[in-house]
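Student: Chains as they are written, first to last, in this note's numbering: chain A, 160 to 681; chain B, 160 to 681. Cβ atoms here follow ideal geometry from the backbone N, Cα and C, with glycine treated the same way. Remember, it's a predicted structure, so these values are computed and weren't measured experimentally.
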């Protein structure tokens, strides 16, 4: 959930490990956490009356620690890898069993053409219902360099962080997921009634693009259950290594396409690569592709010039702009530049504008391009085909479908209608209002726990959360959870079990944060 | 010599085998051979007085056939392959020995940082001196599919062509080269004095770009010898399978470059590939490259728009235009379209204009382009580097150096001065006037032999011949020689030894054509 679900397969060097993303968010926003705390904190009175409940539950959390870590290790031992179609049914079954064990009265495996999803409900007879979006798949773990067997869940001492569990899935997402389930176990073991009902949907193919998630959500029983929810969370470990948290109120959408210019489709150029001397009389599909691409941005490559691209974009609100301005501190600029090895921001914009663009600017990006001879030296040939892989980040109220239609119309209008446009992925932007009960509850827990919080209007990456935030469900959505982990998708993925830094929370602290949230939501 | 010397290494699929080139030339020009014969035929009177000499020599040619084929086989058995630095000295030594054997009084191996060249002179006390440019290297022969051992020189029966020798170097260029030497042997064996003196330069690295040829030509003894020449030939087997010959009066020049746009050189963008979400705030070197390329041609990719690109181009002469118009027959269009799999000519120009462009239009071609992720599917990354390999064909009076300077100035002026331009090769256009004694002699021999001849003002490919045709030497240059062979650079390269088609010449006919030329030049 901290990466694009569409980047498939995602090689190690580009999968931004969580540490980088967290660092970037933290550094982007550091120093404004205290200001973030000034936001509305609801339910303080109610929370006080329930202080006794929470205290009792927290003591159970500590007692059940070893049992929960054992369960987490068992869960890690079964890798469900959608890209390899490995343990698809087994993963769903184990997820289902764990949910039953945690108190869900109804669990149901929903088969899809991909991996099955698990749908579960826990009716506590409460007034409110919380939705939980989860995933039970993990990335491959075949890279070299693991310091512990990736399916063992070994806990090792890290000199900076403290006790950390090294495993595939440790942070993404079996660790935080187990901390959430541990909260349910603890509440029951403490003899308390769950303060909210829960509807949980766990998909098994988040790592390959959540291809069938929409289909699952549209099942009548699922849709009906979702319609009862106050909001939806994703169990995360949201703290950076230094303990602060950034709360994103949405994410950009994305259209991902592969453009192919070929002699065959164009009706021009040579059938195959020919000697480049003949370029004087024979058209070049690679030039055709380059010239088509060039029409899509300003000459400096920074503004999208596809016809009508900005038509549907809503202006940022003054509140969003104020949040972004606050986040653009000199120290965060310094950190960002260091992390990315960037000397100047795009088109020489000042940093506050770069921060604003990360949240609000649509992009046209060339992921990759190739055509003709790409080996050593030269080759005097005229190629017959060129390919560009692109992604377009979208902001409210752009949609992936709308963007695709505009791209196609633009190409056709400018004489490039023959270029094949293959949409390889599309997600819409996602938005959650800050003044919703869910976000108020999330903020209240972070405030109570003394965690520096930064609010970011929109994450620059993309994910499937629009399926919850957009109609028909229109749910508030938030990642939530104390704790820290990193190295998503790469060797030595970790989750902090017992931190050294007092601002960081370990497994039990994460569990307690979920307990707090459930009470704050009630 | 029928390919670009700069295309290094040249994979099989793009090395147009001679058959294709010949076909294209033939088909491009077919039907106008008879008209070509109407051109000036000089020395007819002189030739008549020497008819007896030539007849006597031709009978020797037949007698020495087996001996010359044996010599050719010996020569083929020693492959000199510059790309592999194989037999460099051995090749030069054998070349030198063969020249001595053929009557050259002076032979000299000139060492270079690459392969040595062989410089030789044969002083016959004649009034005129003919220059001969030769190469003693061959391409690799490791491809599969040879029907005879590539270094054996086996003669096999081809159902269409007759007796052909299959070998690496058979046509490119040991076969025609040996036919030329056989002419010198035959003249001597017939007791005749050579009608012209000969200056011969054989390089050993034509197949890797003639890198040190200029250096060799500038040696004082070589330069002095060249300054005495009436013109320069390259011993070729110029007939197409059906027997006709196209005579190119020049070739285009070429600038070959590799353009690299990188964050590092630009001072923009991220140091390494980063998540594409950050494209909203970080510049893209691949966009930078695409936008830079887009400034180099018209939107349809067909006209070069680099500043000042056309400034030095001389207008085609009415005679050149007339030759080209004559060559653009409907049947040649049909053949060309079939050969290249082309449905429409560049920018929908009619065929006569396509033919004219092949001779007269400068080109900007993208040989290949790559940057970012080029594997299966997509990858949501913002790349840090992009590369385009380009070649620019040049026409008189453009020069490779001038073109490179214009390209650099254009990039700088349009904000792309950071893009690294690495010139990987450069040759100037080559031109020989049709009214020179050399071309007149060449045409007279073809006419005497009854071979349909087409005159083409300029070949669309490029080679090192400008080193001879441009100052300081300013020599007329022509490929010359009857005979036929094909499959340059690929398995089963062949040279016709005894043809079935009466219009084609075999080894002895090729030898006789050289005898004829020497007398025609005298």
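Do residue 403(A) and residue 427(A) have their CB atoms nearer than 8 Å?
Tutor: By one-based count along the first chain, residue 403(A) stands at place 244. By one-based count along the first chain, residue 427(A) stands at place 268. No, these two residues do not count as a Cβ contact at 8 Å.
Student: Using a Cβ-Cβ cutoff of less than 7 Å, which residues in the same chain neighbour residue 471(A) once the five nearest sequence positions on both sides are dropped?
Tutor: Here residue 471(A) refers to the residue found at position 312 when the first chain is read from its first residue. Taken in chain order, the residues that qualify are 556, 557 and 561.
Student: Grab the span of the alpha helix (DSSP H) containing residue 563(B) for me, first residue to last.
Tutor: Counted from its first residue, the second chain places residue 563(B) at position 404. Run containing residue 563(B): 559-572, per the alpha helix (DSSP H) assignment.
Student: Residues of the region 432-449 of chain A in Cβ contact with chain B at a cutoff of 7 Å, in chain order, please.
Tutor: Listed by position along the chain: 432, 433, 434, 435, 436, 437, 438, 439, 440, 441, 442, 443, 445, 446, 447 and 449.
Student: Where does residue 487(A) sit, in a helix, a strand or coil, going by DSSP?
Tutor: Taking the first chain and counting its residues from 1, the one referred to as residue 487(A) is at position 328. If DSSP states are grouped into helix, strand and coil, residue 487(A) belongs with coil.
Student: Helix, strand or coil, according to DSSP, for residue 263(A) in the structure here?
Tutor: For the purposes of this step, residue 263(A) is identified with residue 104 of the first chain, where counting begins at 1. Reduced to three states, the DSSP call for residue 263(A) is coil.
Student: Taking 8 Å as the threshold, find out whether the region 518-535 of chain A comes into contact with the region 545-554 of chain A through three or more Cβ pairs.
Tutor: Short answer: they touch.
Student: Using the beta-carbon of each residue, which ones in chain D are nearer than 9 Å to residue 504(A)?
Tutor: Absent from the structure is chain D; the protein chains it does hold are A and B.
Student: Does the Cβ of residue 352(A) have 16 or more other Cβ atoms within 10 Å, making it buried, or fewer, making it exposed?
Tutor: Counting from one through the first chain, the residue named residue 352(A) turns up at place 193. That one is exposed.
Student: Per DSSP, residue 315(B) is paired with what?
Tutor: As a first step, residue 315(B) is located in the second chain; it is residue number 156 there, counting from the start. For residue 315(B), which the question treats as bridged, DSSP gives the partners 323(B).
Student: Whose Cβ in chain B lies nearer than 7 Å to the Cβ of residue 393(A)?
Tutor: Position 234 of the first chain, counted from the first residue, corresponds to residue 393(A). Here the premise fails: no neighbours, minimum Cβ distance about 18 Å.
Student: Could you name the residues that DSSP lists as bridge partners for residue 294(B)?
Tutor: Mapped onto the second chain, residue 294(B) falls at position 135. The partner list for residue 294(B) (beta bridge, DSSP) reads 362(B).
Student: Which whole runs of the alpha helix (DSSP H) in the region 379-457 of chain A are 4 residues long or more, in chain order?
Tutor: As far as the region 379-457 of chain A is concerned, its whole alpha helix (DSSP H) runs of at least 4 residues are 379-386, 422-425 and 444-453.
Student: Assuming residue 309(B) contacts residue 283(B) under a Cβ cut-off of 8 Å, what Cβ separation, rounded to an integer in Å, is found between them?
Tutor: Locating residue 309(B) in the second chain gives position 150, where the first residue counts as 1. Locating residue 283(B) in the second chain gives position 124, where the first residue counts as 1. 36 Å between Cβ atoms; not a contact.
Student: Looking only at its chain, what residues have a beta carbon closer than 7 Å to the beta carbon of residue 424(B), apart from the 5 residues adjacent to it on each side?
Tutor: Along the second chain, one-based indexing puts residue 424(B) at 265. 577 and 579.
Student: Taking the beta carbon of residue 451(B) as the centre, do at least 16 other beta carbons fall within 10 Å, making it buried, or is it exposed?
Tutor: For the purposes of this step, residue 451(B) is identified with residue 292 of the second chain, where counting begins at 1. Buried.
Student: Residue 245(A) and residue 239(A) look like a contact to me (Cβ under 8 Å); what is the Cβ gap, rounded to whole Å?
Tutor: Walking along the first chain from the start, residue 245(A) turns up at place 86. Walking along the first chain from the start, residue 239(A) turns up at place 80. That belief holds up - the Cβ atoms of residue 245(A) and residue 239(A) are roughly 7 Å apart, short of 8 Å.
Student: I need the straight-line Cα distance from residue 104(B) to residue 273(B), nearest angstrom please.
Tutor: Nothing in the structure corresponds to residue 104(B), since chain B is present only between 160 and 681.
Student: Rounded to a whole number of angstroms, what is the C-alpha to C-alpha distance between residue 287(A) and residue 297(A)?
Tutor: As a working mapping, residue 287(A) is identified with position 128 in the first chain. As a working mapping, residue 297(A) is identified with position 138 in the first chain. Cα to Cα, residue 287(A) sits roughly 31 Å from residue 297(A).
Student: Checking 8 Å against the spacing of the C-beta atoms, do residue 215(A) and residue 673(A) come in under that value?
Tutor: In the first chain, the residue the question calls residue 215(A) occupies position 56. In the first chain, the residue the question calls residue 673(A) occupies position 514. Not a contact, by the Cβ cut-off of 8 Å.
Student: Please decide whether residue 330(B) counts as near chain A, where near means a Cβ-Cβ distance under 8 Å.
Tutor: To locate residue 330(B), count along the second chain from 1; it is residue 171. It does not: the Cβ of residue 330(B) has no partner Cβ on chain A nearer than 8 Å.
Student: Run through DSSP, which three-state label would residue 225(A) get?
Tutor: Walking along the first chain from the start, residue 225(A) turns up at place 66. If DSSP states are grouped into helix, strand and coil, residue 225(A) belongs with the helices.
Student: Runs of 3 residues minimum, wholly inside the region 571-615 of chain B: which ones carry the beta strand (DSSP E) assignment?
Tutor: For the region 571-615 of chain B, whole beta strand (DSSP E) runs of length 3 or above, ordered along the chain, are 579-586 and 612-615.
Student: Using only the heavy atoms of the ligand NAP, determine whether one of them is closer than 7 Å to the beta carbon of residue 397(A).
Tutor: Ligands in the displayed structure: none, and consequently the ligand NAP is not present.
Student: I'd like the list of long-range same chain contacts for residue 551(B), defined as Cβ closer than 6 Å, with 5 residues on each side in sequence excluded.
Tutor: Taking the first residue of the second chain as position 1, residue 551(B) is located at position 392. Excluding sequence neighbours, residue 551(B) sits near 414, 523 and 562.
Student: So what's residue 659(B) in DSSP terms, helix, strand or just coil?
Tutor: As a first step, residue 659(B) is located in the second chain; it is residue number 500 there, counting from the start. Looking at residue 659(B) - three-state DSSP - the assignment turns out to be coil, as it is neither helix nor strand.
Student: What residue does the beta strand (DSSP E) around residue 525(A) start on, and which one ends it?
Tutor: Within the first chain, the letter at position 366 stands for residue 525(A). It spans 524-531 - the beta strand (DSSP E) in which residue 525(A) sits, taken as one unbroken run.
Student: Thinking C-alpha only, which one of 465(A), 616(A) and 614(A) is nearest residue 565(A)?
Tutor: On the first chain, residue 565(A) is found 406 positions in, with the first residue counted as 1. The shortest Cα separation from residue 565(A) among 465(A), 616(A) and 614(A) belongs to 465(A).
Student: Quick one: residues in its chain with C-beta nearer than 7 Å to the C-beta of residue 484(A), no 5 flanking neighbours on either side, listed in chain order?
Tutor: For the purposes of this step, residue 484(A) is taken as the residue at position 325 of the first chain. Excluding positions up to five away in sequence, the list reads 511.
Student: Note down the Cα distance separating residue 481(A) from residue 618(A), rounded to an integer number of angstroms.
Tutor: For the purposes of this step, residue 481(A) is identified with residue 322 of the first chain, where counting begins at 1. For the purposes of this step, residue 618(A) is identified with residue 459 of the first chain, where counting begins at 1. Approximately 16 Å, taken between the alpha carbons.
Student: Once the 5 residues before and after residue 454(A) are set aside, which same chain residues still bring their CB inside 6 Å of it?
Tutor: Within the first chain, the letter at position 295 stands for residue 454(A). For residue 454(A), where only same-chain residues beyond five positions count, the Cβ hits under 6 Å are 573.
Student: Please list, in chain order, the chain A residues whose beta carbon lies closer than 7 Å to that of residue 541(B).
Tutor: Locating residue 541(B) in the second chain gives position 382, counting from the first residue. Those within 7 Å of residue 541(B) in chain A are 524.
Student: Below 8 Å, can you find three or more Cβ-Cβ pairs linking the region 311-324 of chain B to the region 650-668 of chain B?
Tutor: Because the criterion of three Cβ pairs below 8 Å is met, the region 311-324 of chain B and the region 650-668 of chain B touch.
Student: Cβ closer than 8 Å: which chain B residues qualify as neighbours of residue 528(A)?
Tutor: Taking the first residue of the first chain as 1, we reach residue 528(A) at position 369. Result: 445, 449, 528, 529, 530, 531, 533 and 545.
Student: So the candidates are 210(A), 295(A), 255(A) and 329(A); which of them puts its Cα closest to the Cα of residue 653(A)?
Tutor: Here residue 653(A) refers to the residue found at position 494 when the first chain is read from its first residue. Comparing Cα positions, the closest option is 329(A).
Student: Is DSSP giving residue 679(A) helix, strand or coil here?
Tutor: Counted from its first residue, the first chain places residue 679(A) at position 520. In the structure shown, residue 679(A) sits in a helix (DSSP, three-state: H, G or I).
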